[in-house]
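Notes follow the structure.
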Amino acid sequence: MKLISKALFIVLTVLITSCSIDEGENYGYEILPIDSIDLPHEFNLNEAYFIDYTFKLPTDCHAYYDIFVNAENENRTVGATSLVYDRSNCQELNENNTITRTFKFTAIYEQTYVFHIWKGKDDMGEDIYEIIEVPIVN
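The numbering used here applies: residue 8 is where the sequence shown begins, and numbers increase by one.
Below, the structure is given as structure tokens:
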């Protein structure tokens, strides 16, 4: 688990560096916590699944970018990646900021998959994960 936390921290550090798009507006990336995820109770080997997940955009300077999945053997760390525009007038979103997206997942290992769903950080700055195990059946 510590290795996964370190890998997530390194990726977050790299992603949060600023970039510039064609229009000259600066932005960075931020991993957002997953509020809910609809994983099946079991996987069939080599079968594809479409998995829904929800998350919230914290401000109007955030825009959905993509799913973040860090794969290490049968372990998967999951979060939502957002663009964060470098603006001085960002407003906190309190309503209508929940987004549902879907990603495709194919079970290619015969072992049980362990999903580490990133839920954010605690008061001490430590990563919080919901652990969901999904076995393979034949």
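Just so you know, even glycine gets a beta-carbon here, dropped at the ideal spot from N, CA and C.
Per the coordinates, the alpha-carbon of Tyr72 lies some 26 Å from the alpha-carbon of Glu54.
When secondary structure is reduced to three states using DSSP, Gly127 falls in the strand class.
Per DSSP, the continuous beta strand (DSSP E) segment holding Asn33 begins and ends at Asn33 to Leu39. Between Val91 and Tyr36, the C-beta gap is smaller than 8 Å, which places the two residues in contact. Per DSSP, the beta bridge partners of Tyr92 are Tyr34. For Pro47, the closest C-alpha among the options Ile74, Asp59 and Ile41 is that of Asp59.
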